[in-house]
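Engineer: Using UniProt numbering, you'd call the opening residue of the sequence shown number 1 and step up by one each time.
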Amino acid sequence: MWIQQKNTPAPLDELQGRTVGLKFECNKCHTEVFTELIGVPAADHLANSKDDDGQFEKEEIKCPGCDMTHEITVKSTFDGVQFDVSEVTPSSVAYQVHA
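(1) Kindly give me the distance between the Cβ atoms of Q22 and I38, rounded to whole angstroms, as I take these residues to be in contact under 8 Å.
(2) Who pairs with V81 in a beta bridge, going by DSSP?
(3) If you check the beta carbons only, do H70 and S91 fall under 7 Å apart?
(4) If you count every other CB in all the chains shown that lies within 10 Å of the CB of A42, and 16 or more means buried, which is it?
(5) Quick one, which of N27, R18, L12, T19 has its alpha-carbon nearest V93's?
(6) What would DSSP say about L15, mapped onto helix, strand or coil?
(7) Give me, in chain order, the residues of the same chain whose beta-carbon lies closer than 6 Å to that of Q96; leave out the 5 immediate sequence neighbours on both sides.
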């Protein structure tokens, strides 16, 4: 089941330590792009402040329609998990949780 990303981060307790697949629409050619599975990192429990608690996982994927390279960042903080895809509207990103 695909879950549409919202303006607020996804729940960390549901995603931490799991893998997700992302899908989004390429902003250049409007092709629907699907990623391989990406690991969701844990928030940094040794962080000195909330500003410092983010852990990142970065990936790149080429759009099969136009070969544009999109950079994907999965950021985990104590507030939740955010999926950022370069040059793509955040509301067009959806995720699917895997074991």
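Quick reminder that beta carbons are idealized off the backbone N, C-alpha and C, glycines included. Just so you know, these numbers come straight off a predicted model, no measurement behind them.
Structural biologist: Short version:
(1) Strictly speaking, residue 22 in this sequence is Leu, with Gln absent from that position. Indeed they touch by this definition, with Cβ atoms about 7 Å apart.
(2) A10, S76
(3) Cβ distance not < 7 Å, so H70 and S91 don't count as in contact.
(4) exposed
(5) The closest CA to that of V93, considering only N27, R18, L12, T19, is found on N27.
(6) helix
(7) Around Q96, the same chain offers W2, G21 as residues with beta carbons nearer than 6 Å, after the five sequence neighbours per side are excluded.
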